[in-house]
Amino acid sequence: MRATVTIRPKPGILDPPGEAVQGSLASLGFAVTRARVGRIVELELATDDPAEAHAQLGRMATQLLANPLIESYEIEVEGT
Amino acid sequence: MSGRPTIAVVTFPGSLDDGDMRLALELVGAEPVAVWHADERLPGRIGAVVLPGGFSYGDYLRCGALAKLAPLMRAVRTFAAEGGPVLGVCNGFQILCEAGLLPGALLANRQLEYVCRDVTIAVEESNATALRELEPTTTLELPIKHGQGNWYADDETLAEISARGQITLRYTEDVNGSRGRVAGVCNEVGNVLGLMPHPEHAVDPLLGPIGGRPMLAGLVAAARDHLGIAA
Numbered sequence: 005m006r007a008t009v010t011i012r013p014k015p016g017i018l019d020p021p022g023e024a025v026q027g028s029l030a031s032l033g034f035a036v037t038r039a040r041v042g043r044i045v046e047l048e049l050a051t052d053d054p055a056e057a058h059a060q061l062g063r064m065a066t067q068l069l070a071n072p073l074i075e076s077y078e079i080e081v082e083g084t
Numbered sequence: 003m004s005g006r007p008t009i010a011v012v013t014f015p016g017s018l019d020d021g022d023m024r025l026a027l028e029l030v031g032a033e034p035v036a037v038w039h040a041d042e043r044l045p046g047r048i049g050a051v052v053l054p055g056g057f058s059y060g061d062y063l064r065c066g067a068l069a070k071l072a073p074l075m076r077a078v079r080t081f082a083a084e085g086g087p088v089l090g091v092c093n094g095f096q097i098l099c100e101a102g103l104l105p106g107a108l109l110a111n112r113q114l115e116y117v118c119r120d121v122t123i124a125v126e127e128s129n130a131t132a133l134r135e136l137e138p139t140t141t142l143e144l145p146i147k148h149g150q151g152n153w154y155a156d157d158e159t160l161a162e163i164s165a166r167g168q169i170t171l172r173y174t175e176d177v178n179g180s181r182g183r184v185a186g187v188c189n190e191v192g193n194v195l196g197l198m199p200h201p202e203h204a205v206d207p208l209l210g211p212i213g214g215r216p217m218l219a220g221l222v223a224a225a226r227d228h229l230g231i232a233a
């Protein structure tokens, strides 16, 4: 089954890439007061069991996909 | 046995400073040996392990995040747990933080720019075994070259590790937004040390400052102690 893990810089954590994007958007004339840059990881899992998929994705996120010291993550499993 | 302790320098795909590190270690009295990241084991009778700078695995996902899972890292963790001296420089520091062997994480530099220049760092009173011969407040001149050297830890962690003597080196000025101007930290025991500046690029007066010499000499001394050999 298909799943998406979205990783974001935690609130309060400095996000220089976000600041760079905000500055560049401003130079295009957009009034943007804040931009934060994260990451999306799209996955296809071998399992068809949504509960198992959520459990696996949680472990993937904490062991590798996100650094819990500086990032938060959200899991979405297609069709659940 | 001779006084030259063997020190393993790990090469990951994308490591850049492994060659300079081997040369520098040789200059300060070690017998460096190159070790490949995909190896399962460290060679026998190793006095210390160094994770050098570079862009392991292209810095994909996050700096150091993929390298922490390299097969050799299991052996490095065991070596560290047994008290073996481990030094991580720049990307090596990022790998040790990602691996949970050192506290904190390295964020993008606050000024949004790669920074490449000589800086002055001050030695703090800390548990770091490799720096025990250096008096606190000693200053060393070393080059830095990084885009993601902005060390971060939350308030609680920062207070804890400060109290435990894990803040090892500080920049004397703000160079990248690093919390408390921290340039290097060690683990609680002091055998694992990570820093963003490059001691291996600062050993020959022909090429600039030589602040890396006493630091790497300290690692060699720690490696000798670990192996139980005399100088």
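Chains as they are written, first to last, in the numbering used here: chain L, 5 to 84; chain C, 3 to 233.
All C-beta atoms in this analysis are idealised placements derived from N, C-alpha and C, irrespective of residue type, glycine included.
Cβ of residue i within 8 Å of any chain C Cβ
i, result
"L:ALA30", "no"
"L:ILE79", "no"
"L:MET64", "no"
Interface flag, residue i vs chain L, CB-CB below 8 Å
i, result
"C:TYR62", "no"
"C:TYR59", "no"
"C:GLY179", "yes"
"C:ALA69", "no"
"C:GLU175", "no"
"C:GLU190", "no"
"C:MET3", "Confidence in C:MET3 is poor, its pLDDT being 48 and thus under 50, which makes the residue's placement unreliable; the coordinate value appears in the next sentence. No, because no Cβ of chain L sits closer than 8 Å to the Cβ of C:MET3."
"C:GLY230", "no"
Delimiting residues of the alpha helix (DSSP H) encompassing residue i
i, result
"L:HIS58", "54–64"
"C:PRO73", "73–83"
"L:THR51", "Segment: none, L:THR51 is in no alpha helix (DSSP H) and carries neither H nor E."
"C:PRO34", "Where C:PRO34 is concerned, there is no enclosing alpha helix (DSSP H), although the beta strand (DSSP E) it sits in stretches over 33–38."
"C:ARG6", "Unbroken run through C:ARG6: none, as it is neither H nor E."
"C:LEU29", "20–29"
"C:LEU98", "93–100"
"C:LEU133", "Note, C:LEU133: premise wrong, no alpha helix (DSSP H); not H, not E."
"L:GLY83", "Neither: L:GLY83 is in no alpha helix (DSSP H) and is coded neither H nor E."
"L:GLY22", "20–31"
"C:ALA204", "Unbroken run through C:ALA204: none, as it is neither H nor E."
Listed by chain order, chain C residues near residue i by CB distance under 9 Å
i, result
"L:ILE44", "By Cβ distance, chain C contributes nothing, its closest Cβ being about 12 Å from L:ILE44, past 9 Å."
"L:LEU73", "CYS99, PRO105, GLY106, ALA107, TYR154, ALA155, ASP156 and THR159"
"L:LEU61", "Result: empty, since nearest Cβ-Cβ is about 15 Å, beyond 9 Å."
Cβ pair residue i, residue j closer than 8 Å
i, j, result
"L:GLU82", "L:ALA30", "no"
"C:LEU171", "C:VAL222", "no"
"C:ALA154", "C:GLY106", "The sequence given here has Tyr at residue 154 of chain C, not Ala. Contact: yes."
"C:LEU44", "C:PHE95", "no"
"C:LEU144", "C:GLY214", "yes"
"C:VAL35", "C:ALA10", "yes"
"C:LEU104", "C:PHE57", "no"
"C:LEU27", "C:LEU195", "no"
"C:ILE146", "C:VAL121", "yes"
"C:PRO87", "C:HIS200", "no"
"C:HIS148", "C:VAL117", "yes"
"C:ASN93", "C:ASN152", "no"
"L:GLU23", "C:LEU68", "no"
"C:LEU142", "C:ILE169", "no"
"C:VAL205", "C:LEU197", "no"
Beta-bridge partners of residue i, as assigned by DSSP
i, result
"L:TYR77", "L:ILE11"
"C:LYS2", "In this structure chain C extends from 3 to 233, so residue 2 of chain C is not present and cannot be described."
"L:ILE44", "L:THR10"
"C:CYS188", "C:LEU195"
"C:ALA232", "DSSP lists no partner for C:ALA232."
"C:SER17", "C:GLY56"
"C:GLY90", "C:LEU53 and C:GLY196"
"C:LEU142", "C:ILE123"
"C:VAL12", "C:VAL37"
Where the beta strand (DSSP E) containing residue i begins and where it ends
i, result
"C:GLY196", "194–197"
"C:ASN152", "152–154"
"C:ALA124", "117–125"
"C:LEU109", "107–109"
"C:ILE169", "169–173"
Beta-carbon neighbours of residue i, restricted to chain C and to distances below 7 Å
i, result
"L:VAL21", "Per the sequence shown, residue 21 of chain L should be read as Pro rather than Val. Going along chain C in sequence order, the residues near L:PRO21 (Cβ under 7 Å) are ALA110."
"L:ALA24", "LEU114"
"L:LEU49", "None at all; the shortest Cβ gap to chain C is about 18 Å."
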